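Colleague: Per the numbering used here, residue 440 is the first one in the sequence shown, and the count goes up by one each step.
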Amino acid sequence: MKRLLLAAVVLVVLPTLALAADTPAKAPAKPAQSTVDPAKAAEHAKEDVKRHRIMAAAHEAAAKCQESGKGEDFCMAELAKACKGIAYGKYCGMKHPD
């Protein structure tokens with residue numbers, strides 16, 4: 440029984456090893472290059488900075504709201520209103536309009 444199992448393993452493994460030895464080594468894949476126009480990338484970065492500042496102000500207002508003792512639900516609703524159109528989710532996450 441052991442010999443039969445060993446023979447089956449050898450019949451399966453040897454052809455696989457032989458194929459691997461015959462296959463030439465592939466060159467490493469080239470990293471992807473950006474096709475975005477540098478001028479558009481710079482403009483996109485400026486827009487991201489602007490939206491981050493708006494979101495930061497909205498989050499600062501939410502923090503002050505909570506510090507003032509107003510309820511978390513109220514403050515989070517105000518945060519959602521302030522972030523409408525520039526962010527998503529109930530925690531004002533950044534939208535990237537790619």
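Even for Gly, the Cβ is constructed at its ideal location relative to N, Cα and C. Note that this is a predicted model, so its numbers are computed, not measured.
Counting C-beta neighbours from all protein chains within 10 Å, is the total for residue 501 16 or more, i.e. buried, or is it exposed?
Modeller: Answer is buried; the Cβ neighbour count reaches 16.
Colleague: Please return the same chain residues whose Cβ sits closer than 8 Å to the Cβ of residue 519, not counting the five positions on each side in sequence.
Modeller: Cβ neighbours of residue 519 beyond the five flanking positions: 529 and 531.
Colleague: Just how far apart, CA to CA, sit residue 474 and residue 491?
Modeller: Using only the alpha carbons, I get a separation of about 25 Å.
Colleague: Which of helix, strand or coil does DSSP assign to residue 523?
Modeller: DSSP places residue 523 in strand when its eight states are reduced to three.
Colleague: Between the C-alpha atoms of residue 481 and residue 489, what's the straight-line distance to the nearest angstrom?
Modeller: Residue 481 and residue 489: Cα-Cα distance of roughly 13 Å.
Colleague: Identify, in the order they occur along the chain, each residue of the same chain with its Cβ nearer than 8 Å to the Cβ of residue 512, setting aside the five sequence neighbours on each side.
Modeller: Around residue 512: no qualifying Cβ.
Colleague: Give me, in chain order, the residues of the same chain whose beta-carbon lies closer than 7 Å to that of residue 497; leave out the 5 immediate sequence neighbours on both sides.
Modeller: Excluding residues within five positions, the ones whose Cβ falls inside 7 Å are 518, 521, 522 and 531.
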